[in-house]
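Here's the structure, in structure tokens; my notes come after.
Number of protein chains: 2
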Amino acid sequence: MSTMTQRIVLASRPQGQVQPGNFRLESAELPALKEGEVLVRNHFLSLDPYMRGRMDDTKSYAAPQALDEVMIGGTVGEVLESRSDALKTGDKVVGMLGWQTHGVCAAAALRKVSDAHVPLSAYLGAVGMPGVTAWFGLNKIIAPKAGETVVVSAAAGAVGAVVGQLAKAAGARVIGVAGGAVKCGIVKDEFGFDACLDYRSADFRAEFKAATAQGIDGYFDNVGGMVLDACLARMNAFGRIAVCGLISGYNGESLAVQNFRSILVNRLTVRGFIVSEHPELWPQALGELGGMVASGALKRRESIAQGLAAAPQAFIGLLKGENIGKQLVRLVD
Amino acid sequence: MSTMTQRIVLASRPQGQVQPGNFRLESAELPALKEGEVLVRNHFLSLDPYMRGRMDDTKSYAAPQALDEVMIGGTVGEVLESRSDALKTGDKVVGMLGWQTHGVCAAAALRKVSDAHVPLSAYLGAVGMPGVTAWFGLNKIIAPKAGETVVVSAAAGAVGAVVGQLAKAAGARVIGVAGGAVKCGIVKDEFGFDACLDYRSADFRAEFKAATAQGIDGYFDNVGGMVLDACLARMNAFGRIAVCGLISGYNGESLAVQNFRSILVNRLTVRGFIVSEHPELWPQALGELGGMVASGALKRRESIAQGLAAAPQAFIGLLKGENIGKQLVRLVD
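Line by line, the protein sequences give chains H and G. Taking this note's numbering, the leading residue of the first sequence gets 269, the next gets one more, and so forth. Taking this note's numbering, the leading residue of the second sequence gets 269, the next gets one more, and so forth.
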């Protein structure tokens, strides 16, 4: 007896901004379980900016998302059926089952998690890929010392919120950059950043200069473009820039950088990274992040869309910065 | 009895390109020697691109060159008179006495050298600051593995020529970029690079793409601008870029970088550096470079202008790329 899944596939590649018509919702029959495989019902689907890059057919660090195949994506769910000794029915698992309600995959490709102290959805955010991304870029590239100034763009997002809180815990002064007063308020009041500036403000440059009067020692870049240039202009000697995302160019906008000269003048280190390439650090990072979420030391926000059919619009909203905190799709009632 | 020096001072700051009128040749009386000081007759003056940056009154890693003061610069010469136990008359010394025929300074600010196996002028080039610059950027930032591809811009210059030869010695494939067929020929035939491309060629982009068919693992950047963008477009995963100079922007030209996205996509490390900030590495670097020059393993070229009065025009020529190898001014007959 086969299981049906509802899934969303990539119907066409975007020309500039992503449109709902780039996706197609369909039913599909899942294959029968082979030895070592499990059937999972997904509870939450993770939406992340990197997915935008996969939708293009250009050279990048990962192969493009194939047309007519289920959209790639992180998921957390529950094992319904198992042909593996490693997992049993009812186990909660994190994996990459994509934009679908159910999925079949090898038990070895799933990570068993506990929802006793950490909510399941957090495994897609602060205690998952976005959290480890923040942890890696902050600790392994920026490595802030107490008293240094760290700037984080997309500060209200799933990654940025963690970066800032980890930097505060390390004793740094933390300045966020986000879009709009609501996000900036949350970044300051809930996430505890020292300040948060609205990049849409007409006075952004002047406000940014004032907020970084002591210069910038570390910049965690999620956006590129204008905010990157503003940071380059304010970097202190031997500053570090972790290049995590360039969301301001995801729709083909120019990412030309005007202030590259600052890299020489201020002897900066600028490093791009992809967190999946550092699997040896995940256990330590997830352990620390899980402990901080369980204890309440690490604050989280989630934007949750309900039902698989809502995923395309939620993803389009994510790319426009409409979410606050981690953007998820709930696939159970 | 006081000693006179002929010297060149900065008369005015350049507006765009440096002009002869930005300098003034004058006579000046040197102060009497204080305890611990020596009087030096300079044999060679070093001309280097960094001096262009000092001529501007903008924020940089070093204070601007003061108006009406002797131009900053590295020198090698001979002690004429000493009030220090560390140096005696006739000793050969490297220092920073600037654009002048004679100078007085503390013996502690000079480095005694031997011209037994290494010509004096080499202490301003391959066995001096340019050589250590090449050594540091190549070994401490690019760190090439055998079989990797390293690109060097300004490949016929004092720094670039050393970078390429050190990279070849490390087993890398080395592609130079230089201006004009004459320089490219010298880079290939004398310095032993695997290839050298003329950035002025109408087909530069296509030629560069063909020469870097296996991608680029390390780029030693002396110029910024168009060549930097060409390299960014060809970098392999985990490539390293050492940012040593941005000579293409020294006259105020835009240094906007189009292909910044490559830093993320290819997980690059880009690092600016100033070799004077790493004094702990100079003894090792100078020892290795001196040995290679003495043995003939490291090939050198010099462009030598005769007489202090020729320094401004030689410097202007350096900024236009008219020199081949290390640009010097000989101050003795």
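Heads up, the beta-carbon is just placed ideally off N, CA and C, and yes, glycines get one too.
Would you report the Cα separation of H:Ala478 and G:Gln526, rounded to the nearest angstrom?
28 Å
Within this structure, are the beta carbons of H:Ala375 and H:Glu303 separated by less than 8 Å?
no
Would G:Asn534 count as contacting chain H if we go by Cβ distances under 8 Å?
yes
Are the Cβ atoms of H:Val511 and G:Leu500 separated by less than 8 Å?
no
For a cutoff of 8 Å on Cβ pairs, would you count G:Gln333 as touching chain H?
no
Please check if any C-beta of chain G sits within less than 8 Å of the C-beta of H:Ile542.
yes
Is the CB-CB distance between H:Thr369 and H:Thr480 below 8 Å?
no
Inter-stretch contact at 8 Å, needing at least 3 Cβ pairs: the stretch 588-600 of chain G / the stretch 564-574 of chain G
yes
Please go through the same chain and pick out, in chain order, the residues whose beta-carbon is closer than 7 Å to the beta-carbon of G:Gly447, but skip the five residues on each side of it.
Asp466, Tyr467, Arg468 and Gly589
Shorter than 8 Å from the beta carbon of H:Gln526 to some beta carbon of chain G?
yes
Pick helix, strand or coil for H:Ser382, following the three-state DSSP scheme.
coil
Applying the criterion that 16 or more other CB atoms from any shown protein chain within 10 Å of the CB defines a buried residue, is H:Thr357 buried or exposed?
exposed
H:Val418 vs H:Val445 beta-carbon contact at 8 Å:
no
Ranges of the beta strand (DSSP E) found wholly within the stretch 461-490 of chain G, counting only runs of at least 3:
463-466 and 484-489
Output the distance between the C-alpha atoms of H:Asp359 and H:Leu348, rounded to the nearest integer angstrom.
8 Å
Indicate, with yes or no, if the ligand ATP has a heavy atom lying under 7 Å from the CB of H:Thr271.
Ligands in the displayed structure: none, and consequently the ligand ATP is not present.
Runs of 3 residues minimum, wholly inside the stretch 413-461 of chain G: which ones carry the beta strand (DSSP E) assignment?
417-421 and 441-446
Can you look up H:Ser350 in the DSSP assignment and give me helix, strand or coil?
strand
Using a Cβ-Cβ cut-off of less than 7 Å, give me the residues of the stretch 275-293 of chain G that come near chain H, in sequence order.
none
Determine whether the beta carbon atoms of G:Gly341 and G:Leu301 lie at a separation below 8 Å.
no
Rank H:Gly289, H:Arg309 and H:Val381 by C-alpha distance to the C-alpha of H:Pro551 and give the top, closest one.
H:Val381
Which of the three DSSP states, helix, strand or coil, is assigned to H:Thr343?
strand
Is the distance from the Cβ of G:Thr604 to the Cβ of G:Leu298 below 8 Å?
Only positions 269 to 601 of chain G appear in this structure, which leaves residue 604 of chain G out of reach.
In three-state DSSP terms, what is H:Phe291?
strand
Rounded to whole angstroms, what is the Cα-Cα separation between H:Trp403 and H:Arg568?
15 Å
Look up H:Ala279 in the DSSP assignment and say whether it is helix, strand or coil.
coil
Buried or exposed for H:His385, going by 16 or more other Cβ atoms inside 10 Å?
exposed
Residue span of the beta strand (DSSP E) that contains H:Cys499, given as start and end:
From DSSP, H:Cys499 is part of no beta strand (DSSP E) but of the alpha helix (DSSP H) over Gly493 to Leu500.
Interface partners of G:Ser328 on chain H, CB under 7 Å:
Val533
Taking beta-carbon pairs under 8 Å, can you tell me which members of the stretch 497-527 of chain H lie near chain G?
Ala505, Val511, Cys512, Gly513, Leu514, Gly517, Ser522, Leu523, Ala524, Val525 and Gln526
Local conformation of H:Ala390 per DSSP, three classes
helix
For G:Val450 and G:Leu566, what's the separation of their Cα atoms in angstroms?
20 Å
For the pair the stretch 389-398 of chain G and the stretch 407-415 of chain G, tell me if three or more CB-CB distances fall below 8 Å.
no
I want to see whether chain H comes within less than 8 Å of G:Thr537, judged by CB atoms only; does it?
yes
Since H:Met560 is in the beta strand (DSSP E), which residue starts that stretch and which ends it?
Counting along the chain, H:Met560 falls outside any beta strand (DSSP E), though it belongs to the alpha helix (DSSP H) covering Trp550 to Ser563.
Using the beta-carbon count (16 or more within 10 Å), is G:Gln581 buried or exposed?
exposed
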